[in-house]
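Peer 1: Under our numbering, read the sequence shown as residues 166 to 849, first letter to last.
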Amino acid sequence: MHFDRKDFSDDELINLYKNLLFPRMIEEKMLVLLRQGKISKWFSGIGQEAISVGATLALQPDEWIMPLHRNLGVFTSRKMPLHKLFMQWQGSKDGYSKGRERSFHFGSTEHFICGMISHLGPQLAIADGVALAYKLKKQNKVSLAFTGEGGTSEGDFHEALNVASVWDLPVIFIIENNGYGLSTPTAEQYRCENLIDKAKGYGMEGVQIDGNNILAVYDTIKGVREYCIKNQKPYLIECITFRMRGHEEASGTKYIPKELFEEWQKKDPIKNYEHYLIEQKVLNELAIADIRNEFKAHIESEFKINPLPPERGNINTSFNSANELKDVYAPIPKSGVSKKGNGFNFPPSGDRGLKAPLSTRGEGLGVRFFDAIKEGLHQSMQQHPNLILMGQDIAEYGGAFKITEGFVEEFGKERVRNTPLCESAIVGAALGLSLEGYKSVMEMQFADFVTDGFNQVVNNLAKIHYRWGQNADVVIRMPTGGGVGAGPFHSQSNEAWFVHTPGLKVVYPSSPEDAKGLLIAAINDPNPVLFFEHKALYRSVTGNVPEEYYEIEIGKAKVVSAGEDVSIITYGAGVHWAVEYAEAHPEISTHIVDLRTLLPLDYPAIKEAVKATGKILILHEDTMIGGIGGEISAWINENCFEWLDAPVMRCASLDTPVPFNLELEKNFLAKSRLHEVIQKLINY
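#1: Whole angstroms are fine: how far does the CA of Ala352 sit from the CA of Glu403?
#2: With 8 Å as the threshold, decide whether the Cβ of Phe614 is near any Cβ in chain D.
#3: Should Val602 go down as buried or exposed, given a rule of 16 or more other Cβ atoms within 10 Å for buried?
#4: In whole angstroms, give me the CA-to-CA distance for Gln544 and Val592.
#5: Around the C-beta of Pro550, are 16 or more other C-beta atoms found within 10 angstroms, so that it is buried, or is it exposed?
#6: Which first and last residues belong to the alpha helix (DSSP H) in which Lys845 is found?
#7: Would you kindly check if the distance between the Cβ of Gly313 and the Cβ of Asn343 is under 8 Å?
#8: Report the partner residues of Cys404 according to the DSSP bridge assignment.
#9: At the level of alpha carbons, what is the spacing between Met409 and Met195?
#10: For a quick check, are the C-beta atoms of Pro691 and Ala627 less than 8 Å apart?
#11: Where does Phe109 fall in DSSP's three states?
#12: Per DSSP, Lys723 is paired with what?
#13: Skipping 5 residues on each side, what residues in its chain have a beta carbon closer than 7 Å to that of Trp429?
#14: Could you give the uninterrupted runs of the alpha helix (DSSP H) lying entirely in the stretch 206-246, keeping only those of 4 residues or more?
#15: Given a threshold of 16 other Cβ atoms within 10 Å of its Cβ, counted over all protein chains shown, does His167 qualify as buried or as exposed?
#16: Short of 6 Å in beta carbon distance, which residues of its chain neighbour Val664, apart from the five on each side in sequence? Order them along the chain.
#17: Taking only runs of the beta strand (DSSP E) that begin and end inside the stretch 614-659, which ones reach a length of at least 3 residues, in chain order?
#18: Residues in the same chain with beta-carbon distance under 8 Å from Leu552, minus the five sequence neighbours each way, listed in chain order, please.
#19: Return the bridge partner residues of Leu764 from the DSSP annotation.
#20: Using DSSP with H/G/I as helix, E/B as strand and the rest coil, what is Asp175?
#21: For Asp536 and Val758, what's the separation of their Cα atoms in angstroms?
#22: Tell me the rounded alpha-carbon separation between Asn479 and Asn184.
#23: Under the three-state reduction of DSSP, which class applies to Val336: helix, strand or coil?
#24: Among Ser348, Glu459, Gly388, Asn377, whose alpha-carbon lies nearest the alpha-carbon of Ile191?
#25: How would you call Asp787, buried or exposed, if buried means at least 16 neighbouring beta carbons within 10 angstroms?
#26: DSSP three-state label for Ile783, please.
#27: Taking the CB atoms as reference points, tell me whether Ala310 and Val336 lie closer together than 8 Å.
#28: Can you name the residues that DSSP bridges to Glu608?
#29: Using three-state DSSP, classify Pro812 as helix, strand or coil.
#30: Skipping 5 residues on each side, what residues in its chain have a beta carbon closer than 6 Å to that of Leu448?
#31: What residue range does the alpha helix (DSSP H) around Leu598 cover?
#32: So, Gln253 versus Phe271, is the Cβ gap smaller than 8 Å?
#33: Is Ala329 helix, strand or coil when you go by DSSP?
#34: Following the continuous alpha helix (DSSP H) through Leu289, name the residue where it begins and the one where it ends.
#35: With distance defined between alpha-carbon atoms, name the residue in Asn625, Thr735, Ser599, Asn709 nearest to Ala817.
#36: Should Thr778 be labelled buried (16 or more other beta-carbon atoms within 10 Å of its own) or exposed?
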């Protein structure tokens, strides 16, 4: 191994050595604890320390890093207190994730480290979002994300590198090529000669280096950082290294040829660097022994601050359900914006200085559902200079439904951003923007397409605040629903997927006034919101909507009409079906509740609907099996049984994909069975 000290001083060389040695000695302690059964799992980075340490020290301390399992050197080089890291690894409530996450699945805003999730690939796109924030702020900074050679097979790798290149983002992507993805060797992972060859396909520069050479890693990344800032371009680095232990300790290493260990043992990053420092007379063996003894004493001292009890898992067990539930969502700051609970009582004209563009309003015709959303989005762009819009074709073209038409001329292409067709990367980039204090609204061109970004939504956005206290200030607009003959891939009602995911909020308005007020509230909310917009309502529904900037509270249902015979609990297009039915059947006194928000649900409003009539129909466009109607029905049976005069009934669409033929679609939709179900309920 050749070390080139260039113009490094002795002190700088020693500092690199100390940062390199420290995580190795911590790992040695952790492996002892693992053998003693005092921790449950450990992902070892022994043999790979030079990459984590060199990369971290080459960056500024306030530049975000997205590490993975084997990057202990990132955490130690950012000077995170070791005693608190021990608490984290023990599952203590005093750790960085309050006992909710394992090993390295946590982050720290204070140290500019973004916690990973097990799916590996999504970290890369978050780095895109952070780099975009730096670019928008005109800061001379880079973000840095790690992946393994196995992770380069993920679609997220392609999407993240493609977005970084298309948007000219200052991101450093590091591949730690350690030879194996769990037990799968590189020969079974990819066919290109070198992973760095992939850089050319994205129009970016790349370099392959010896990942065990601390000076090569540090010097390369320092130079690459300068390149990325100067040229506002991404860069790919492949670090060749080897995993000296198993994927995690329980998996062992029997599948790895013995001669590989012997070969790479000779390339150990610490031993080789020690020999070099001794040869250069920067350190001697006595000085090295002193450093090791000092670290050993420090590690033991930090460990004793919160020592393990006789049985792991008994550490600070004062957990309670209230705190767990409280931390699922970030608290909502007081905005000072007018809040309307029922969607009808609005502030007087002039209450706010923000006005909607007059071009979205017809003369005396009311405001269309479509225009109300456009107004809410437009006024939010005025209110929040840190709000970024992203989506396919949303700039000059104005989006598939023309919601953002004209926005790019007013707010510019930095804030109204066309995206490549890569939903996962854009959701990840939205989260990255949030790390740097930006808000974002992503248009999912059709709600159906969210499957391409599903992992980012349900595992990254939804869980990040619960895991380590970082909010995700992201709204995803979801044009949804049938009735327009768009077939099975442009008409699905998939809101129930997300109602099942703690940490998300799911909003589904039915009226123009609610659409505007709820969208503004969603953008003001620091939590991730899935905002469903029924396509069939865009230009078919109108209503009175004030020009002022106002909120309607998320999580509050609305009584559309009061009645005594039957209660219909519904949302979205179902509200209009229910109102239409009630108007056609005045002989039935119908109580209609528009949920407006599906997560969190307004349980008091549901209870009042039960008390009002004793007969409950839950109506939704989604299919029956697995729809939210089943959850609401179960809750009513458990909590409101004494007020029921009949079984809770559901009216939903057929359990088939959404058909294309309009007559087939009418038969599919729940509306076609509404009369039958209501009559059955009334006559029970």
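No residue lacks a Cβ here, since even glycine has one placed at the ideal position from N, Cα and C.
It should be emphasised that the depicted structure is a prediction, and the values quoted were computed from it without experimental measurement.
Peer 2: With the given structure in hand:
#1: Looking at the backbone, the Cα of Glu403 and that of Ala352 are separated by about 16 Å.
#2: In the structure shown, chain D does not exist; there is a single protein chain.
#3: Reading off the sequence, residue 602 comes out as Gly, not Val. With fewer than 16 Cβ atoms within 10 Å of its Cβ, Gly602 is classed as exposed.
#4: Distance between the alpha carbons of Gln544 and Val592 is about 23 Å.
#5: A residue is called buried once 16 or more other Cβ atoms fall within 10 Å of its Cβ, and Pro550, having fewer, is exposed.
#6: Lys845: member of the alpha helix (DSSP H) spanning 839-847, first to last residue.
#7: Taking 8 Å as the Cβ cut-off, Asn343 and Gly313 qualify as a contacting pair.
#8: Cys404 is bridged by DSSP to Glu341, Ile374.
#9: The straight-line gap from Cα to Cα measures roughly 15 Å.
#10: With contacts defined by Cβ atoms closer than 8 Å, Pro691 and Ala627 do not form a contacting pair.
#11: With the chain running from 166 to 849 in the structure shown, residue 109 is simply not present.
#12: According to DSSP, residue pairing for Lys723 in a beta bridge involves Asp759.
#13: Excluding residues up to 5 positions away in sequence, Gly212, Phe407, Met409 lie with their Cβ nearer than 7 Å to the Cβ of Trp429 in the same chain.
#14: Counting only runs of 4 or more, we get 214-223, 237-242.
#15: Counting other Cβ atoms within 10 Å of its Cβ, His167 stays below 16 and is therefore classed as exposed.
#16: Beyond the five residues adjoining it in sequence on each side, Val664 comes within less than 6 Å, by CB distance, of Val671, Leu763, Leu764, Ile793 in the same chain, given in chain order.
#17: Complete beta strand (DSSP E) runs here, min 3: 639-645.
#18: The residues Ser545, Met546, Arg580, Tyr603, Lys604, Ser605, Val606, Ile688, in chain order, have a CB closer than 8 Å to that of Leu552 in the same chain once the five nearest residues on each side in sequence are set aside.
#19: Val671.
#20: In the three-state scheme derived from DSSP, where H, G and I count as helix and E and B as strand, Asp175 is classed as helix.
#21: Going from the Cα of Asp536 to the Cα of Val758 covers about 24 Å.
#22: Model confidence at Asn479 stands at a pLDDT of 48, short of 50, so the residue's coordinates are unreliable and nothing is read from them.
#23: The answer is strand: DSSP assigns Val336 an E or B state.
#24: For Ile191, the nearest C-alpha among the options comes from Glu459.
#25: Per the 10 Å Cβ criterion, buried.
#26: In this structure, Ile783 counts as strand in the three-state DSSP scheme.
#27: Yes, these two residues count as a Cβ contact at 8 Å.
#28: Bridge partners of Glu608: Gly556, Arg642.
#29: It is coil, neither helix nor strand.
#30: If we look at Leu448 and ignore the five residues flanking it on each side, its Cβ neighbours are Leu442.
#31: Per DSSP, Leu598 is one residue of the alpha helix (DSSP H) stretching across 588-600.
#32: It is a contact, given that the beta carbons lie within the stated cut-off.
#33: Ala329 falls in the helix class under three-state DSSP.
#34: Run containing Leu289: 287-302, per the alpha helix (DSSP H) assignment.
#35: Relative to Ala817, the option among Asn625, Thr735, Ser599, Asn709 whose CA is nearest is Thr735.
#36: For Thr778, the number of other beta carbons within 10 angstroms of its own is at least 16, and it is reported as buried.
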